[in-house]
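Asks: To start, I am sharing the structure in question, which I have written as structure tokens.
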Amino acid sequence: MTVTHAQGFEAAGIPIGLKSSGDPDLALVVNRGPRQNAAAVFTSNRAKANPILWSQQVIADGTVSAIILNSGGANCFTGSEGFQTTHLTAEAVGEALGVSAGDVLVCSTGLIGQQLDRSKLIPGVATAAAALTSDGGEAAANAILTTDSHAKTAVVTGDGWTIGGMAKGAGMLAPALATMLVVLTTDAELESAELDAMLRAATRVSFDRLDSDGCTSTNDQVTLLASGASGIRPDTAAFQAALVALCTDLATQLMGDAEGASHDITIEVVNAATEDDAVEVGRSVARNNLFKAAVFGNDPNWGRVLAAIGTTRAAFDPYAVDVAMNGVRVCSNGAPDRPREEVDLTPRALHLLIDLKAGPAQATIYTNDLTHDYVHENSAYSS
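Here you go:
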């Protein structure tokens, strides 16, 4: 269920000592071809880590032979030395695989502001290359974790072609990709420009709709690699639908593992004047700490929903809005409807439906509650 399910890919995940825990911390995914087409989307944070700056250059020609990912350090705000480390890492991958360093994407995740230990990282690249296998996807998925409690992987199969994926991220999950690293692979025959358009369309309605804590990372990257090894050119609509499904699956897995969360909250906004309005309304609730704290306390406090959406610029009448929680309409036309005691928030999943009655558009935002554990994890995090 991961990146090596598609034909033409090998992967590895090994420990090289970047993490003090001794857990795996270096992953390598290689596209063996025959094609090496690729696309990537990056964080929109103006503060970008050195691997992002490097990878944005690499992806410009749409050709990628491999992607190397380390946990145990973000390599962000580490100056010219940190960028040189990224460059040397790509060169080490190129030497180990016999490819150009300019065709190697680099990703890092972990604590900002600390130099990566080159004495471990550079030799570790050769060790990872020697460990590559056609079933190494699970090992790679485990090697990119930071505060995650488990690996996130998924596979979707089409008519003779496959898309596989792995993702990491548990905190700093907010749009503009949200410390999210995602690698997607496919054996379908698609050109880089097509991959780019499809990936952007898929991330727009999946990863960009994940808003766990309102914090945008410096290192976010979602990459799609295509080997063409199946020899099949897919129906583009079918491939796009499969890619959206895969990205949504991974995004909701990230939501389910958000740091300290006890509820997974799906916010569905319907009958908005525009899709942008629906997204803005959904995001206003996802970022409302009062609402998220109420959910943590199993309190269906729908008044906090109305208060949150009233701060937006979206077109709607706040006194015409309906709100339902887990199928119970607690607010109708801006006034109480069913008793809040009918809402059961003890299950982990909460479906929040907001009907704006302002038009035909809709959007879904994914978030989680705000818990004691979230505060504890992020006050103690230093690795």
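Residue numbering for the sequence shown is 1 to 383, as defined by our numbering. Ideal Cβ positions, reconstructed from N, Cα and C, are used throughout, including at glycine.
1) Pull the bridge partners of Tyr-366 from the DSSP assignment, please.
2) Along the chain, where does the alpha helix (DSSP H) that runs through Ala-229 open and close?
3) Please state if the CB of Gly-33 and the CB of Asn-142 are separated by a distance shorter than 7 Å.
4) With distances taken from CA atoms, which of Phe-77, Ser-71, Thr-109, Ile-144 is nearest Arg-46?
5) For Asp-276, report the span of its alpha helix (DSSP H) as first-last.
6) Sort Leu-53, Ala-278, Asn-271, Ala-188 by Cα distance to Asp-235 and report the nearest one.
7) Are the beta-carbon atoms of Gly-334 and Val-343 separated by less than 7 Å?
8) Return yes when the Cβ of Ser-284 is within less than 7 Å of the Cβ of Ala-307, no when it is not.
9) Which residue wins for smallest C-alpha separation from Ala-92, given the options Gly-73, Gly-79, Ile-68?
10) Is it the case that the Cβ atoms of Cys-246 and Met-198 are separated by a distance below 7 Å?
11) Mapping the DSSP letters down to three states, classify Cys-247 as helix, strand or coil.
12) From Gly-136 to Ala-193, what distance separates their C-alpha atoms?
13) Can you look up His-471 in the DSSP assignment and give me helix, strand or coil?
14) Should Tyr-319 go down as buried or exposed, given a rule of 16 or more other Cβ atoms within 10 Å for buried?
15) What do you get for Asp-355, buried or exposed, if any count of 16 or more other CB atoms within 10 angstroms of its CB means buried?
16) Quick one: any contact between the segment 262-272 and the segment 292-305, if contact means 3 or more CB pairs under 8 Å?
17) Measure how close the beta-carbons of Asn-37 and Leu-190 come, nearest whole angstrom, since I'm counting them as under 8 Å.
18) Flag this pair as yes or no: are the beta carbons of Ser-55 and Leu-121 separated by less than 7 Å?
19) From the DSSP output, in three-state form, read off Thr-185 for me.
20) Drop a sphere of 10 angstroms on the beta-carbon of Asp-373, count the other beta-carbons inside from all chains shown, and report buried for 16 or more, exposed for fewer.
21) Report the residue from Arg-287, Arg-304, Ser-20 whose alpha carbon sits nearest the alpha carbon of Asp-117.
22) DSSP on Ile-309, reduced to helix/strand/coil?
23) Classify Leu-18 as buried or exposed, calling it buried when 16 or more other Cβ atoms lie within 10 Å of its own Cβ.
24) Going by DSSP, which residues form a beta bridge with His-351?
25) Quick one: what does DSSP say Ile-59 is sitting in, helix, strand or coil?
26) Does the distance from the CB of Val-270 to the CB of Gly-282 come in under 7 Å?
27) For Ala-361 and Ala-272, I'd like the C-alpha separation in whole angstroms.
28) Which first and last residues belong to the beta strand (DSSP E) in which Asp-196 is found?
29) Would you call the segment 180-187 and the segment 155-168 in contact, with 3 or more CB pairs under 8 Å?
30) So, for Ala-315: in the same chain, excluding its five sequence neighbours on each side, which residues have a beta-carbon less than 7 Å away from its beta-carbon?
31) Can you tell me whether Gly-256 is helix, strand or coil according to DSSP?
32) Do you know how far the Cα of Val-156 is from the Cα of Thr-63?
33) Using only CA atoms, which one of Thr-311, Ala-261, Pro-336 lies nearest to Pro-347?
34) In terms of DSSP beta bridges, what is Ile-163 paired with?
Replies: Judging by the given coordinates:
1) Counting from one through the sequence shown, the residue named residue 366 turns up at place 366. Residue pairing by DSSP places Tyr-366 opposite Leu-210, Thr-266 in a beta bridge.
2) The count along the sequence shown starts at 1 and reaches residue 229 at position 229. Ala-229: not part of any alpha helix (DSSP H); DSSP gives it neither H nor E.
3) Working through the sequence shown from its first residue, we reach residue 142 at position 142. Working through the sequence shown from its first residue, we reach residue 33 at position 33. Taking C-beta atoms as the reference points, Asn-142 and Gly-33 fail to come closer than 7 Å.
4) The sequence position of residue 46 within the sequence shown is 46, counting from 1. Of the candidates Phe-77, Ser-71, Thr-109, Ile-144, the one whose C-alpha sits nearest the C-alpha of Arg-46 is Phe-77.
5) As a first step, residue 276 must be located in the sequence shown, where it is residue number 276. Per DSSP, the unbroken alpha helix (DSSP H) holding Asp-276 starts and ends at 275-286.
6) Within the sequence shown, numbered from 1, the residue matching residue 235 stands at position 235. When only C-alpha atoms are compared, the closest one is Ala-188.
7) Indexing the sequence shown from 1 puts residue 334 at position 334. Indexing the sequence shown from 1 puts residue 343 at position 343. Against a cut-off of 7 Å, the Cβ pair of Val-343 and Gly-334 comes out as no contact.
8) The residue given as residue 307 occupies position 307 in the sequence shown. The residue given as residue 284 occupies position 284 in the sequence shown. Ala-307 places its beta carbon 7 Å or farther from that of Ser-284.
9) Here residue 92 corresponds to residue number 92 of the sequence shown, with the count starting at 1. Among Gly-73, Gly-79, Ile-68, the Cα nearest to that of Ala-92 belongs to Ile-68.
10) Stepping through the sequence shown from its first residue, residue 246 is reached at position 246. Stepping through the sequence shown from its first residue, residue 198 is reached at position 198. Cys is not the amino acid found at residue 246; the sequence shown has Leu there. Cβ atoms of Leu-246 and Met-198: not closer than 7 Å.
11) Locating residue 247 in the sequence shown gives position 247, counting from the first residue. Collapsing the DSSP output to three states places Cys-247 in a helix.
12) Within the sequence shown, residue 136 is the residue found at index 136, counting from 1. Within the sequence shown, residue 193 is the residue found at index 193, counting from 1. So the alpha carbons of these two residues sit roughly 28 Å apart.
13) For the chain, the structure presents residues 1 to 383; residue 471 sits outside this window and is missing.
14) Taking the first residue of the sequence shown as 1, we reach residue 319 at position 319. Burial call: exposed.
15) Indexing the sequence shown from 1 puts residue 355 at position 355. Buried: at least 16 other Cβ atoms inside 10 Å.
16) These segments touch.
17) Sequence index remark: in the sequence shown, residue 37 carries index 37 (1-based). Sequence index remark: in the sequence shown, residue 190 carries index 190 (1-based). Yes, they are in contact, since the Cβ atoms of Asn-37 and Leu-190 sit about 7 Å apart, within 8 Å.
18) Start at 1 with the first residue of the sequence shown, and residue 55 comes out as number 55. Start at 1 with the first residue of the sequence shown, and residue 121 comes out as number 121. Leu-121 sits away from Ser-55, with the two beta carbons spaced by 7 Å or more.
19) Here the question's residue 185 lines up with position 185 in the sequence shown. Assigned with DSSP and collapsed to three states, Thr-185 falls in strand.
20) One-based indexing of the sequence shown puts residue 373 at position 373. Exposed, because fewer than 16 other Cβ atoms sit within 10 Å of the Cβ of Asp-373.
21) Taking the first residue of the sequence shown as position 1, residue 117 is located at position 117. The residue with the shortest Cα to Cα distance from Asp-117 is Ser-20.
22) Translated into the one-based positions of the sequence shown, residue 309 becomes position 309. Helix at Ile-309.
23) Looking up residue 18 in the sequence shown gives position 18. Looking at its Cβ environment, which holds 16 or more other Cβ atoms inside 10 Å, Leu-18 is buried.
24) As a first step, residue 351 must be located in the sequence shown, where it is residue number 351. Under the DSSP definition of a beta bridge, His-351 partners with Thr-266.
25) Residue mapping note: residue 59 aligns to position 59 of the sequence shown, counting from 1. Helix.
26) As a position in the sequence shown, residue 270 is number 270, starting the count at 1. As a position in the sequence shown, residue 282 is number 282, starting the count at 1. Taking C-beta atoms as the reference points, Val-270 and Gly-282 fail to come closer than 7 Å.
27) Translated into the one-based positions of the sequence shown, residue 361 becomes position 361. Translated into the one-based positions of the sequence shown, residue 272 becomes position 272. When only Cα atoms are considered, Ala-361 and Ala-272 end up about 5 Å apart.
28) Taking the first residue of the sequence shown as 1, we reach residue 196 at position 196. From DSSP, Asp-196 is part of no beta strand (DSSP E) but of the alpha helix (DSSP H) over 192-204.
29) Contact holds: three or more Cβ-Cβ distances are below 8 Å.
30) Reading the sequence shown from its first residue, position 315 is the one you call residue 315. The residues are Ala-273, Asp-277, Ala-358.
31) Here residue 256 corresponds to residue number 256 of the sequence shown, with the count starting at 1. Secondary structure at Gly-256: helix, using DSSP grouped into helix, strand and coil.
32) Counted from its first residue, the sequence shown places residue 63 at position 63. Counted from its first residue, the sequence shown places residue 156 at position 156. Looking at the two C-alpha atoms, the distance is approximately 23 Å.
33) Your numbering for residue 347 matches position 347 in the sequence shown. It is Ala-261 whose Cα lies nearest to the Cα of Pro-347.
34) The residue you call residue 163 lines up with position 163 of the sequence shown. Paired residues: Val-156, Thr-186.
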